[in-house]
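Structure first, commentary second.
2 protein chains.
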Amino acid sequence: MLQPEQKQAARAIVERLTEPCAHCDARHLSVCQAVEDPYLEQLAALVTTIELAPHDTMVTEGDPAGHYFNITYGTVKIYKLLPDGRQQIIGFSFAGDFVGLSVRENYAYSVEALTPARACRFDRKRLEGLLTKFPKIEHQLRSQTSDELAIAQDQMLLLGRKTAKERVASFLLQLSHRAKRLGQPANPVVLTMGRADIGDYLGLTIETVSRTFTKLRAEKLIALGANNTVHLELNALSELSGAWN
Amino acid sequence: MLQPEQKQAARAIVERLTEPCAHCDARHLSVCQAVEDPYLEQLAALVTTIELAPHDTMVTEGDPAGHYFNITYGTVKIYKLLPDGRQQIIGFSFAGDFVGLSVRENYAYSVEALTPARACRFDRKRLEGLLTKFPKIEHQLRSQTSDELAIAQDQMLLLGRKTAKERVASFLLQLSHRAKRLGQPANPVVLTMGRADIGDYLGLTIETVSRTFTKLRAEKLIALGANNTVHLELNALSELSGAWN
DNA sequence: TTGCGTCATTGATCCGGATCAAGTGTCAGT
DNA sequence: ACTGACACTTGATCCGGATCAATGACGCAA
Chain A
5 MLQPEQKQAA RAIVERLTEP CAHCDARHLS VCQAVEDPYL EQLAALVTTI ELAPHDTMVT
65 EGDPAGHYFN ITYGTVKIYK LLPDGRQQII GFSFAGDFVG LSVRENYAYS VEALTPARAC
125 RFDRKRLEGL LTKFPKIEHQ LRSQTSDELA IAQDQMLLLG RKTAKERVAS FLLQLSHRAK
185 RLGQPANPVV LTMGRADIGD YLGLTIETVS RTFTKLRAEK LIALGANNTV HLELNALSEL
245 SGAWN
Chain B
5 MLQPEQKQAA RAIVERLTEP CAHCDARHLS VCQAVEDPYL EQLAALVTTI ELAPHDTMVT
65 EGDPAGHYFN ITYGTVKIYK LLPDGRQQII GFSFAGDFVG LSVRENYAYS VEALTPARAC
125 RFDRKRLEGL LTKFPKIEHQ LRSQTSDELA IAQDQMLLLG RKTAKERVAS FLLQLSHRAK
185 RLGQPANPVV LTMGRADIGD YLGLTIETVS RTFTKLRAEK LIALGANNTV HLELNALSEL
245 SGAWN
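From first to last, the protein sequence lines stand for chains A and B. If you count the first sequence from 1, you need to add 4 to reach our numbering. If you count the second sequence from 1, you need to add 4 to reach our numbering.
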């Protein structure tokens, strides 16, 4: 016989499966905020929830771009490869981030889970069918795309002109700002990705990333804690990152 | 007394001033294609044509983002600066390109003319007021933004992971593809920007750009002609650029 | 014509970060 | 407790591109 709290949990799971959007933790963060409660079921109708283990691939560069994704849990990396295997990570996405925004026929990048992750998958064709009914969605998509563009442009400055130390400092501040924006503590940040991925994001090698962490620690600008936690000296790092303030 | 062809020319100039959109050479290339002929005057009402000499600034990083621009003639560079003067060029824009696409309150970059240039200036607030009436414009803006994002992501791969030779080859192919897309010959391309700007775009110094041109010429992959014309060995350059083909 | 300013090329040297090569935890499975 | 497997750190050396420094090639104004 089930205990009351077990029944409650079971009901929550069933609701999550049948009405994913109404119970979505990431809803207020994402494009879904453009749809009012009473119409949510129309959105829910074209959504599938997917679960990913680390190293699972969500999207493969060159494949037909059939879906948009909304990360609701975990960390994924978005990356491009050169034919000889060199990798550039375009970005990391966390809960609330929309992935797959493109008007093109095929994905221009691959997406892979770094941690266990969960995502909402939207059928692209059908979502675009809703755009005339909910013009707010189109606006929201443009807004998201525009923000990503601004972030990409900042990253071009980083990759083209910053030193290794400036890159790592900028990266740590990015994580801090993102955490704050999501309502989490800005200061001790958690690195959910390894040194290799940080390197592939910053255009550096794993050794340079490691050495730079060591130097920053020696200068008391960061402190490495347990579980990949990093305490930051925010003001000093900001000086160093090449930010304008 | 004016000759008939002079009258004709004068009339064209007057029409250009009073009905800029209807006579815009770049119209079919830009966001303006979302508006049908009979409604063009509504678009024209919020447009000003501006002329720029080389080194004139169109937009300054940090200023309130009051306008969108549509380049109709010439070349401009879009760039970001670090406090110590290091510069990263985010992109070059030519006739038909839309500049200033952003949802943010302030420009995140500066824009400066490299050649004599002309542009249509749209009042941002008023253009966004038209979005409900012409939802196609919103879609067009998203589409443009999305394309720019894809280009920025390619550039991140270039800046983070490509060698100097691969960067220069990629850059020349970009110019070639852009020319083809605009219906111009794909092969002899014209460099409307100097070596310094190419360097600031590719994350290299002026000397490295120059040396790389010299090497490519020695390998018969390019030939430098008069007036900054460059003849390209498209297939060989494509091999070298790290493109997937 | 000369002189000057600007830009591109070329050479010599330097250095930040890459590459190559060991270590050093740390944790899961036995 | 032992053993891989894996991720990270640290050290030694190398090299691609940066920096410093002339030199050439135009166009333009006097």
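Built from N, CA and C at the ideal position, the CB exists for glycine as well. Note that this is a predicted model, so its numbers are computed, not measured.
According to the Cβ coordinates, are residue i and residue j closer than 8 Å?
i: A123 (chain A); j: T76 (chain A); result: yes
i: Y83 (chain A); j: D204 (chain A); result: yes
i: V63 (chain B); j: V107 (chain B); result: no
i: L236 (chain A); j: S180 (chain A); result: yes
i: D158 (chain A); j: K81 (chain A); result: no
i: V51 (chain B); j: F126 (chain B); result: yes
i: T79 (chain B); j: T53 (chain B); result: no
i: R90 (chain B); j: R165 (chain A); result: yes
i: V39 (chain A); j: I141 (chain A); result: yes
i: L176 (chain A); j: V193 (chain A); result: yes
i: A112 (chain B); j: E65 (chain B); result: yes
i: N74 (chain A); j: F102 (chain A); result: yes
i: E152 (chain A); j: L186 (chain B); result: no
i: L225 (chain B); j: A240 (chain B); result: yes
i: N191 (chain A); j: L238 (chain A); result: yes
i: A121 (chain B); j: L56 (chain B); result: yes
If contacts are defined as beta-carbon pairs under 8 Å, then residue i and residue j qualify, I think. What distance do you get, rounded to the angstrom?
i: G207 (chain B); j: L163 (chain B); result: 5 Å
i: A168 (chain B); j: T212 (chain B); result: 5 Å
i: I210 (chain A); j: M160 (chain B); result: The Cβ separation is near 19 Å, so there is no contact.
i: E109 (chain A); j: P68 (chain A); result: 6 Å
Does the beta carbon of residue i fall short of 7 Å from some heavy atom of the ligand SAH?
i: A48 (chain B); result: Questions concerning the ligand SAH fall outside what the structure shown contains, since it holds no ligand whatsoever.
Interface residues of the region 102 to 133 of chain A facing chain B [CB-CB below 8 Å]: Result list: L105, S106, V107, R108, A112 and Y113.
Can you confirm whether the region 83 to 95 of chain A touches the region 131 to 148 of chain B when touching is taken to mean that 3 or more C-beta pairs between the two stretches lie within less than 8 Å? no
Segments assigned beta strand (DSSP E), at least 3 residues, entirely inside the region 34 to 63 of chain A: Taken in chain order, the complete beta strand (DSSP E) segments of 3 residues or longer contained in the region 34 to 63 of chain A are 51 to 56 and 61 to 63.
Going along the region 59 to 75 of chain A in order, which residues come within less than 8 Å of chain B, judged by CB to CB distance? G66
Within 8 Å of chain A by C-beta, residues of the region 146 to 160 of chain B in sequence order: R146, S147, T149, S150, D151, E152, L153, A154, A156, Q157, D158, Q159 and M160
Give the list of continuous alpha helix (DSSP H) stretches no shorter than 4 residues that lie fully inside the region 160 to 222 of chain A. 168 to 185, 199 to 206 and 210 to 222
Members of the region 232 to 248 of chain B near chain A, C-beta cut-off 7 Å: G246 and W248
Mind checking the region 161 to 175 of chain A against chain B and listing, in chain order, the residues whose C-beta falls within less than 9 Å of any C-beta there? L161, L162, L163, G164, R165, K166 and E170
Residues of the region 76 to 90 of chain B in Cβ contact with chain A at a cutoff of 7 Å, in chain order, please. Of all residues in the region 76 to 90 of chain B, K84, L86, P87 and R90 have a Cβ within less than 7 Å of some Cβ in chain A.
For the region 190 to 209 of chain B, which residues have a beta carbon sitting closer than 9 Å to at least one beta carbon of chain A? D204, Y205, L206, G207 and L208
Counting only runs of 4+ residues fully inside the region 125 to 157 of chain B, write out the alpha helix (DSSP H) ranges in chain order. 128 to 133
Ordered list of beta strand (DSSP E) runs contained in the region 72 to 118 of chain A, each at least 3 residues: For the region 72 to 118 of chain A, the continuous beta strand (DSSP E) assignments of 3+ residues that do not extend past its boundaries occur at 80 to 85, 91 to 97 and 114 to 117, in sequence order.
Chain A contacts made by the region 36 to 59 of chain B, where a contact means CB separation under 8 Å: Under the 8 Å Cβ criterion, the region 36 to 59 of chain B contributes no residue.
Listed from N- to C-terminal order along the chain, which residues in the region 133 to 144 of chain B have their beta-carbon within a distance smaller than 9 Å of any beta-carbon of chain A? Cβ contacts with chain A come from L135, T136, P139, E142 and H143.
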